[in-house]
Amino acid sequence: MDDEARRQFGLFVADRTPALIRVAYLLCGDQHAAEDLLQSALVKTAARWEALRQAGPEGYIRMIMYREQVSRWRRSARQRELAVEARRDAVVADQSRHVDLRLTMRDHLLQLPPAQRAVLVLRFFEDLTETQAAEVLGCSVGTVRSRTHRAVARLREVLAREGVPQ
Amino acid sequence: MYDLVRAGLAELAAEARPVDLFPQVVRRTQRVRRALAIGAVAGAAAVLLGVPVVVAATGAGDAGRSTPGGQPSLSFAAKTSPPARSPSP
Numbered sequence: 025m026d027d028e029a030r031r032q033f034g035l036f037v038a039d040r041t042p043a044l045i046r047v048a049y050l051l052c053g054d055q056h057a058a059e060d061l062l063q064s065a066l067v068k069t070a071a072r073w074e075a076l077r078q079a080g081p082e083g084y085i086r087m088i089m090y091r092e093q094v095s096r097w098r099r100s101a102r103q104r105e106l107a108v109e110a111r112r113d114a115v116v117a118d119q120s121r122h123v124d125l126r127l128t129m130r131d132h133l134l135q136l137p138p139a140q141r142a143v144l145v146l147r148f149f150e151d152l153t154e155t156q157a158a159e160v161l162g163c164s165v166g167t168v169r170s171r172t173h174r175a176v177a178r179l180r181e182v183l184a185r186e187g188v189p190q
Numbered sequence: 029m030y031d032l033v034r035a036g037l038a039e040l041a042a043e044a045r046p047v048d049l050f051p052q053v054v055r056r057t058q059r060v061r062r063a064l065a066i067g068a069v070a071g072a073a074a075v076l077l078g079v080p081v082v083v084a085a086t087g088a089g090d091a092g093r094s095t096p097g098g099q100p101s102l103s104f105a106a107k108t109s110p111p112a113r114s115p116s117p
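So the protein sequences, as listed, match chains A and B.
Its first residue numbered 25, the first sequence is counted upward by one per residue in the working numbering.
Its first residue numbered 29, the second sequence is counted upward by one per residue in the working numbering.
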């Protein structure tokens with residue numbers, strides 16, 4: 025990367041990081057994991073900067089983040105199960121403090137599997153169509169549709185259990 | 029329901045803290061390039077060193093297949109009696 029390309033890349037990173045870190049945070053639910061995910065995507069973008077800077081690198085970065093987060097989660101699926109079980113146990117143990125322990129939509133979103141959360145982020149935070157979301161994730165429109173349906177159904181179910189009006 | 033989802037996502041996204049990742053990205057990119065360069069040099073060295081070794085081993089193998097003392101195989105054939113021609117059953 026020559027000096028001019030590096031300068032342009034630096035400007036791009038400074039300009040777009042605030043928006044991209046929010047997406048990464050939505051995918052990871054954790055600041056450090058979000059920074060790691062975004063950093064990884066930016067390193068891959070830097071390697072292809074000459075080709076990407078004209079075509080629009082932001083779409084490429086988002087695609088890397090979404091796909092990498094879903095694949096990272098699949099690799100550590102067992103660790104996720106333990107974390108969810110621990111959280112569930114904590115809630116069950118102290119049900120007397122119903123108001124404090126009442127999970128908000130924020131918490132429910134974090135408890136969704138990343139593949140389902142990813143489609144909700146693409147569809148309802150980034151306002152992409154089903155086709156655009158499918159392109160980012162590298163899956164079919166049918167898969168996007170079914171994951172969205174399952175995610176929303178799951179959220180509806182937990183909210184109904186808590187008596188939250190929808 | 030979808031409005032609730034949007035609101036929840038917006039609430040979650042607002043928790044993200046701004047960060048300057050450019051220095052770390054530059055450092056990691058340089059590390060990746062160094063690792064690739066080292067890998068390329070190591071691969072080239074393996075090929076440059078490996079090819080002569082393989083060629084030498086193949087050449088030595090061919091030479092080793094000859095009779096002891098370097099005599100042509102004809103001398104071995106001369107020491108044995110020629111096979112008798114027997115009529116086929």
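For glycine and all other residues, C-beta sits at the position ideal for the given N, C-alpha and C.
Treat the numbers as computed from the prediction; the structure is a model and nothing was measured.
Nearest to residue i (by Cα), restricted to the options the options
| i | options | result |
| --- | --- | --- |
| R99(A) | P138(A), I88(A) and G80(A) | P138(A) |
| A70(A) | V160(A), I88(A) and D151(A) | I88(A) |
| L146(A) | T128(A), A175(A) and M129(A) | A175(A) |
| W97(A) | A65(A), A157(A), R72(A) and L61(A) | L61(A) |
| A142(A) | A158(A), R40(A), D131(A) and A29(A) | A158(A) |
| K68(A) | D54(A), V37(A) and Q55(A) | V37(A) |
| Q63(A) | A75(A), E181(A), R40(A) and L76(A) | R40(A) |
| Q55(A) | A68(B), A38(B) and P46(B) | P46(B) |
| T57(B) | E59(A), R72(A) and A48(A) | R72(A) |
| M25(A) | V54(B), A68(B) and L37(B) | V54(B) |
| H132(A) | S95(A), C163(A), E181(A) and P81(A) | E181(A) |
| R185(A) | T167(A), A75(A) and T128(A) | T128(A) |
Nearest-angstrom Cβ-Cβ length linking residue i and residue j, presumed shorter than 8 Å
| i | j | result |
| --- | --- | --- |
| L40(B) | L50(A) | 6 Å |
| Q93(A) | C52(A) | 6 Å |
| L183(A) | V33(B) | At roughly 10 Å, the Cβ-Cβ gap does not stay under 8 Å, so L183(A) and V33(B) are not in contact. |
| I85(A) | A65(A) | 5 Å |
| Y90(A) | L161(A) | 6 Å |
| E154(A) | V165(A) | 5 Å |
| R130(A) | G71(B) | In fact, because the Cβ distance is near 49 Å, the residues do not count as touching under 8 Å. |
Contacts that residue i makes with chain A (C-beta to C-beta distance below 9 Å)
| i | result |
| --- | --- |
| A44(B) | P42, I45, R46, V47, A48, Y49, L50, Q55 and A58 |
Chain B contact residues for residue i, given Cβ-Cβ distances below 8 Å
| i | result |
| --- | --- |
| Q63(A) | L49, Q52, V53 and R56 |
| A158(A) | The contacting residues do not exist; A158(A) stays about 19 Å from chain B at best. |
| A38(A) | D48 and F50 |
| V176(A) | M29, Y30 and V33 |
| G166(A) | What G166(A) touches in chain B: nothing, since even the nearest Cβ is about 20 Å away. |
Within chain A, the residues that residue i reaches when beta carbons sit closer than 7 Å
| i | result |
| --- | --- |
| R136(B) | Residue coverage of chain B in this structure runs from 29 to 117, which leaves residue 136(B) outside it and unanswerable. |
| A65(B) | Neighbours of A65(B) on chain A: none; closest Cβ ~13 Å, over 7 Å. |
Closer than 8 Å at the beta carbon, the chain A residues around residue i
| i | result |
| --- | --- |
| A35(B) | M129 |
| A41(B) | R46, V47, Y49, L50 and F149 |
Within chain B, the residues that residue i reaches when beta carbons sit closer than 9 Å
| i | result |
| --- | --- |
| R180(A) | M29 |
| A139(A) | Ordered by position in chain B, no residue passes the 9 Å Cβ test against A139(A), which lies about 16 Å from the chain. |
Interface partners of residue i on chain B, CB under 7 Å
| i | result |
| --- | --- |
| G187(A) | None at all; the shortest Cβ gap to chain B is about 14 Å. |
| V67(A) | V53, R56, T57 and V60 |
| V145(A) | L37 |
| L133(A) | G36, L37 and L40 |
| A70(A) | V53 and T57 |
| G34(A) | F50 |
Neighbour flag for residue i against chain E, beta carbons, 8 Å
| i | result |
| --- | --- |
| G80(A) | Of the protein chains in this structure, namely A and B, none is chain E. |
At a cut of 8 Å, does the stretch 131–150 of chain A reach the stretch 164–179 of chain A through at least three beta carbon pairs? yes
Do the stretch 42–61 of chain A and the stretch 54–71 of chain B touch if we need at least three Cβ pairs shorter than 8 Å? No contact exists between the stretch 42–61 of chain A and the stretch 54–71 of chain B.
Touching by the beta-carbon criterion (3+ pairs, under 8 Å), the stretch 44–60 of chain B and the stretch 25–39 of chain A: yes
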